[in-house]
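Below is one structure, written out as C-alpha cells; the observations come after it.
Protein chains in written order, with our numbering: chain A, 104 to 728; chain B, 6 to 455.
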C-alpha cells in the first residue's frame, strides 16, 4: 500500500484534513481506531458560538466541510450578540449528534481519492528527519510522502470519575498507547492535558414546565456561504435554562476532596481548560457567586440525552447524582451517562511551523487536540490548514499562512506556534486584535480567494464571490452619486425616524452615516435595489468606516513588522545582551519575523530592539563583504 | 561581547575632583594595568581603593578607584570609576591612558544606552538620565531624578492598569454573551470610566507642560521697532541676574542672547538678528523678521515707544503677538505720550528703562503668566519629553473619539478600538509597547550603529 498522504485520526481535524488532501487530488488514507466514531461529537452538542462560529464560516470560505455539515445537522440556530455590533456576532447551532457524523461520513465516502482504514497507528516511520509513513497494529507498515496526525484525545487517554482512573477513550474505546512515546523519542515535548464533560440526563425525567425556554432565532441563518437556509423556523428544538443553587454548592463543597480535580485521585493530573472550568472549579474560584447558569441542550432528535452545559465535573457517581437532583427541574432526573474528565497527551505546539508542519520532522503535520487546543471548530480549522499545506508542499508550492488580520484561524495558529499553551487552548474573540475586520459576515470576502487559489473553491463559487464584490462596489457608488434633497417630504420622513432635517442636499452615503438611518428605512423615499447580504456589507462599511480604517491602519503597522524577517539560521547565542529568558524563548520558537518575535511572552520590547540592531548589523556586514 | 568604554563623567575643570567612568567586560583589567595599589581583580565588588594612576613607572595622579562588578551597576556591566584630582590636563591624561590600554571613548549617552539595552532601565528612565545630564536648573534636575527612579513609569502603569480593567470587562461580555450574571459594560457605563481616564490624562499633560518648561526653559523674543529700547531692556533684565547669566551658545537650536532664571525656570532670550547691535546702525528688522521671531518664541515681549504713534505695521505685529503668550510693554513713559493706548490690550505695562521703572512689574507678570509660584509646591513627577507629551495629547484625541462614538451609538466593542489604542500609546511611553518608529528615534538619539 502506498499513499501520498496519511491522516491519523477521524475526528473533526482528521475529516477536514483528509477531505482537503483528497480534493486537491492527492491519494489519501484516513486511519481511525473506530470507523463508527468518525466526526463524533463527544462533548457539547453544538457547533459555533463566539469566535468559533466565525471560524466555521472561515472554514467554509476556504473550502472546508464543517459549515455545510453543521447546516444539515442543526436543530436550532442563534446569532449571538445580534443586537450588539457586527464585529462580535457569531452563529451558534445546536447540532444533532447523530446527523453530524452521518452526513460527514457520507461526504468522506463519496470522495474519490480517499480511503478509510480501521486500525491503530503505533509508530511513525522516520528516515533522515523525514516522515516516510506509519506502522499500525494490523497492517504493519504503510508508506506515504506526508503524514498528518489528528489523534485528538486518544494518545494515552484516561477517563477520570471521582477517584477512578480508567484507560479508555470517551466511549470506552481503546486508546493509542505507543504513539506519544514514539513522538517523545523523536524529540517532541509531550504535555498532559485534561478536559471534562457534564452528565447526560434522560429527557422525560426533566420537568421542563418550571424552566425557562431558550428558543432559536426568528431569522434564517446558515454557516455555509453556499447554502440558502430554508429550515422551518417554528420547528427549531428549544433549549432550557436552569441554575445551580445553595444546595448544589453545599453538596459540592462538602465533597470537594472526592473530586479527581481536588485530590480525589492519586498521582499528577493533566492541566484542564481555564475557559471551561468544571463546576467544582467555578464554585471554589468564584465562591461569592450565589448561582451559576446552566443550559439544558438536546443531544439529538434520535435519542433522549440532554446535555447540561456548564456542569462538567469529575465528582464520583453518587455525588453527581445528588448534584443533579439539587437543580430546579431536575429533582427526579435520571442520569444516562455520568460526567467524566479525560486526560490525554499532546505535543507542545511551539515545535510547529505556521504551516503546521513540525520543525523537527519534515512532511509531518499535526492538527487539533494533539496541538493542545480544545473544541471541534479549533480542531477542524487546523485540520483544513494542515491538509492544504501538506498538499501544497507535495506540489512544491509555498504554504498557506493566514495572518492575524486575515482570519481567526490565523490568530489561533499564530498563538499556538508562537506562545505555546498552558491549558487546552480555546479560541476567544478577545484573542484577535482586529475583530472589526474579522467579522462573521465577511469571511467569504476575506478568505474565498485563498480557497480558490489553493484549489478547494471551484470556479463557479469563486465567480459568485466576484459578483458579490462587484455588487458591493456598485451599491456604494450608487449611494455616493445619488443625493437626497431637503424637500418637505424628505425632511418629514427624517423627522419620523428621529433624525434631524436636511438643510442642503446630501448624498445617500453621507446620510447613512447617521446611526438612525438605514437603507431599509430609506426605501420609503427612494428605491434602492440590492440583495440583503450586499446591503449588510455596504451599511457596515459606511457606518463603521472610521473604525474600519483605524483597524486597517493598525493591522498594516503590525504587518510591517511581520515583513521584517528574521534570518532562518540566526544564532541567538551571538546576540549579546538579550535577557536570558528571551533568548531561550527565541531559540525555542524560532520566529520568522520581528512581528512574531514580539508576540512571544517573555520577549520584551528592549530584547526586540537589540535583536533588530543585531540583524541590521549582520545584514550590513554581509552587504559590505 | 561589548567593548569597554570610558569617558570623563564630570565637567572638565569644574569642581575639586573629576570622575572618569569605565564600563565593559574588560573595565577592571584595563584600569588594573594603569593602577598602582591593590590588585583590582582581587577586590570585592562595590569597594573603594586608594592608589596612583601610573604611565609605565611615572605617577600621573593620586586617585580613589571604585570597583563595581556587574550586574549590580548602572550599565549592568563591570564598572570602574576613577576619582582623580581634577584639572583638565591630568584628567585628559588618564583618559588617554585608558584609551591606549584598550578602552574606546564612549559616545554621548552611551552609558545610558547600555543601561537601557541591558535592561537596567526602561525608556522613560533612559530619557530621564539624558535629561539629568542636560539639566540646567536645580528643579530640572529633580524632575530628571524622578524619571530615573521610575515615578513617571508608575504613573503611566497605574493608568494603563485602569484601562486594562475596562478592556477586560468588555472582552468578557463579548466572549460569554449568554451568561447573564456578568456585569455588562454599556456605553452609558463607559462614560464615567472614560471621564476618569480623561481627567488623569489631562492632569499628567498639565503637569508635564510645566515639566517641559522646567527642563527645557522658555524661549522669549523681545520684538519692537529700532530704537524702542530692546537691547536696553535685555541688558537690564540680564544685568540684574548677573550671577546666572551664562553663555550657552551652541547648546540649543536657537541663537540665545542670554538666559535668565526666574524661580528656577530658565528664560532663554532669542534673537537672530541683532538686538545687541548698536543703535546707530540702521536696523533692518522689518515686519517679516518680527513675525518670524514671534513664531519661534514661547513668550513674546512686544516693546512700543510711548513717544511714537502706532503704524499699520505695528498693529499687524500686535495682532500676531496676541496669538502667543505675550506681554505688551510701552517704554519711554518719561517722554510725551503720542501712542493711542486704546488700541492696546488693557494689561500693557508702562515702563521707563532709563528711569528703572516697570522692570519689576514685567518680571512679576512673567511669573504670573507661567504660574511660577506654583512650581515651588508641586511634586515634580512629570513627563519632560516632547514626544511623550505629544503621545498624551494623542490619547486625549482618542478620548474625544470615544465620546463621539458613545454619542452616535457605536457599539461598545467597536469603541474599544480607541480604548485599546490609548493603552498601546501609553505603553509606548514606558517602552512596553513596541513602536518601530520609537526605536528608530531612540537609535538616533543614542547614536546606535556607530
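Note that the Cβ used here is the ideal one computed from N, Cα and C, for glycine as well.
Computed from a predicted model, the values in this text were never measured in an experiment.
Spatial distance of residue i from residue j (CA atoms)
{"i": "residue 161(A)", "j": "residue 550(A)", "result": "7 Å"}
{"i": "residue 411(A)", "j": "residue 380(A)", "result": "14 Å"}
{"i": "residue 613(A)", "j": "residue 640(A)", "result": "16 Å"}
{"i": "residue 428(A)", "j": "residue 402(A)", "result": "20 Å"}
{"i": "residue 576(A)", "j": "residue 631(A)", "result": "14 Å"}
{"i": "residue 329(B)", "j": "residue 305(B)", "result": "7 Å"}
{"i": "residue 620(A)", "j": "residue 315(A)", "result": "35 Å"}
{"i": "residue 12(B)", "j": "residue 178(B)", "result": "57 Å"}
{"i": "residue 403(B)", "j": "residue 202(B)", "result": "11 Å"}
{"i": "residue 122(B)", "j": "residue 572(A)", "result": "49 Å"}
{"i": "residue 199(A)", "j": "residue 393(A)", "result": "33 Å"}
{"i": "residue 243(A)", "j": "residue 563(A)", "result": "43 Å"}
{"i": "residue 534(A)", "j": "residue 155(A)", "result": "12 Å"}
{"i": "residue 637(A)", "j": "residue 713(A)", "result": "48 Å"}
{"i": "residue 247(B)", "j": "residue 364(B)", "result": "Residue confidence for residue 247(B) is low, a pLDDT of 35 falling below 50, so the modelled location carries little weight; the figure read from the coordinates is stated next. One C-alpha to the other measures close to 15 Å."}
{"i": "residue 600(A)", "j": "residue 625(A)", "result": "10 Å"}
{"i": "residue 422(B)", "j": "residue 650(A)", "result": "7 Å"}
{"i": "residue 119(B)", "j": "residue 664(A)", "result": "24 Å"}
{"i": "residue 288(B)", "j": "residue 231(B)", "result": "At residue 288(B), the pLDDT of 42 sits below 50, so the modelled position is not reliable and the matter cannot be decided from this model."}
{"i": "residue 85(B)", "j": "residue 60(B)", "result": "18 Å"}
{"i": "residue 671(A)", "j": "residue 56(B)", "result": "52 Å"}
{"i": "residue 159(A)", "j": "residue 167(A)", "result": "9 Å"}
Residues that residue i contacts on chain A, provided the C-beta gap is smaller than 7 Å
{"i": "residue 436(B)", "result": "708 and 709"}
{"i": "residue 182(B)", "result": "153, 183 and 184"}
Closest by C-alpha distance to residue i, when choosing among the options
{"i": "residue 464(A)", "options": "387(A), 719(A), 518(A) and 291(A)", "result": "291(A)"}
{"i": "residue 323(A)", "options": "317(A), 265(A), 316(A) and 338(A)", "result": "338(A)"}
{"i": "residue 32(B)", "options": "310(B), 50(B) and 23(B)", "result": "50(B)"}
{"i": "residue 451(A)", "options": "619(A), 132(A), 461(A) and 152(A)", "result": "461(A)"}
{"i": "residue 133(A)", "options": "182(A), 146(A), 251(A) and 715(A)", "result": "251(A)"}
{"i": "residue 296(A)", "options": "276(A), 446(A) and 151(A)", "result": "446(A)"}
{"i": "residue 506(A)", "options": "662(A), 362(A) and 492(A)", "result": "662(A)"}
{"i": "residue 559(A)", "options": "487(A), 574(A), 535(A) and 195(A)", "result": "487(A)"}
{"i": "residue 502(A)", "options": "707(A), 268(A) and 492(A)", "result": "492(A)"}
{"i": "residue 617(A)", "options": "466(A), 628(A), 689(A) and 648(A)", "result": "648(A)"}
{"i": "residue 107(B)", "options": "39(B), 160(B), 70(B) and 73(B)", "result": "39(B)"}
Chain A contact residues for residue i, given Cβ-Cβ distances below 8 Å
{"i": "residue 176(B)", "result": "531, 532 and 533"}
{"i": "residue 191(B)", "result": "Within chain A, no residue comes near residue 191(B); the closest Cβ sits about 10 Å away, beyond 8 Å."}
Proximal residues of chain A, C-beta to C-beta of residue i below 9 Å
{"i": "residue 414(B)", "result": "618 and 619"}
Contact list for residue i against chain B, beta-carbon separation under 7 Å
{"i": "residue 713(A)", "result": "122"}
{"i": "residue 363(A)", "result": "Neighbours of residue 363(A) on chain B: none; closest Cβ ~26 Å, over 7 Å."}
{"i": "residue 188(A)", "result": "416, 418 and 419"}
Under 9 Å from the C-beta of residue i: neighbouring residues of chain B
{"i": "residue 539(A)", "result": "418, 419 and 422"}
{"i": "residue 729(A)", "result": "Nothing in the structure corresponds to residue 729(A), since chain A is present only between 104 and 728."}
Beta carbon proximity, residue i to chain E, threshold 7 Å
{"i": "residue 196(A)", "result": "Looking at the structure shown, chain E is missing, and the protein chains on hand are A and B."}
Taking one C-beta from the region 116–130 of chain A and one from the region 225–232 of chain A each time, how about it: are there three or more such pairs within less than 8 Å?
No: fewer than three Cβ pairs fall under 8 Å.
Taking three-plus beta-carbon pairs below 8 Å as touching, is the region 515–527 of chain A in contact with the region 467–486 of chain A? These segments touch.
*Would you list, in sequence order, the uninterrupted alpha helix (DSSP H) runs of no fewer than 4 residues that lie entirely inside the region 403–439 of chain A?*
Runs of the alpha helix (DSSP H) inside the region 403–439 of chain A: 420–428.
- [ ] Any chance you could list the alpha helix (DSSP H) runs of at least 4 consecutive residues sitting entirely within the region 253–317 of chain A, in chain order?
- [x] Scanning the region 253–317 of chain A from its first residue to its last, the whole alpha helix (DSSP H) runs of 4-plus residues come out as 282–289.
Mind listing, in chain order, the continuous alpha helix (DSSP H) runs of no fewer than 4 residues lying wholly within the region 129–181 of chain A? Listed in chain order, they are 155–165 and 169–176.
Cβ contact check for the region 165–184 of chain A and the region 206–218 of chain A: 3 or more pairs under 8 Å: The region 206–218 of chain A and the region 165–184 of chain A touch, with three or more beta-carbon pairs separated by less than 8 Å.
message = What ranges does the alpha helix (DSSP H) occupy inside the region 669–726 of chain A, keeping only unbroken runs of at least 4 residues that lie completely in it?
response = Counting only unbroken stretches of 4 or more residues, the alpha helix (DSSP H) elements lying wholly within the region 669–726 of chain A are 683–692 and 697–701, in sequence order.
ask   = So, do the region 177–191 of chain A and the region 315–335 of chain A have three or more beta carbon pairs nearer to each other than 8 Å?
value = Enough Cβ pairs lie closer than 8 Å, so yes.
Quick one: complete alpha helix (DSSP H) runs, 4+ long, within the region 155–183 of chain B?
-> List check, alpha helix (DSSP H) in window: 156–180.
Continuous beta strand (DSSP E) assignments of at least 3 residues falling wholly in the region 431–497 of chain A = Taken in chain order, the complete beta strand (DSSP E) segments of 3 residues or longer contained in the region 431–497 of chain A are 438–440, 443–450 and 467–469.
Flag this pair as touching only if the region 676–683 of chain A and the region 603–612 of chain A have three or more C-beta atom pairs under 8 Å; answer yes or no.
No, the region 676–683 of chain A does not touch the region 603–612 of chain A.
Write down every uninterrupted run of the beta strand (DSSP E) in the region 634–668 of chain A whose length is 3 residues or greater and which is fully enclosed by it, in chain order. The qualifying runs do not exist here; there are none.
key: At least 3 beta-carbon pairs within less than 8 Å: the region 188–207 of chain A vs the region 347–360 of chain A   = The region 188–207 of chain A is not in contact with the region 347–360 of chain A.
Requested in this report: Scan the region 26–112 of chain B and note each continuous alpha helix (DSSP H) run of 4 residues or more that stays entirely inside, going in chain order.
Outcome: 32–38 and 93–105, all fully within the region 26–112 of chain B.
Exercise for review: Please specify which runs of the beta strand (DSSP E), each continuous and at least 3 residues long, are wholly inside the region 188–254 of chain A, giving them in chain order.
Suggested key: Taking only runs of at least 3 residues, the beta strand (DSSP E) segments lying wholly in the region 188–254 of chain A are 193–198, 217–221, 224–230, 233–239 and 243–252.
Under 8 Å: do the region 140–159 of chain A and the region 277–286 of chain A share three or more Cβ pairs, one atom per stretch?
No contact exists between the region 140–159 of chain A and the region 277–286 of chain A.
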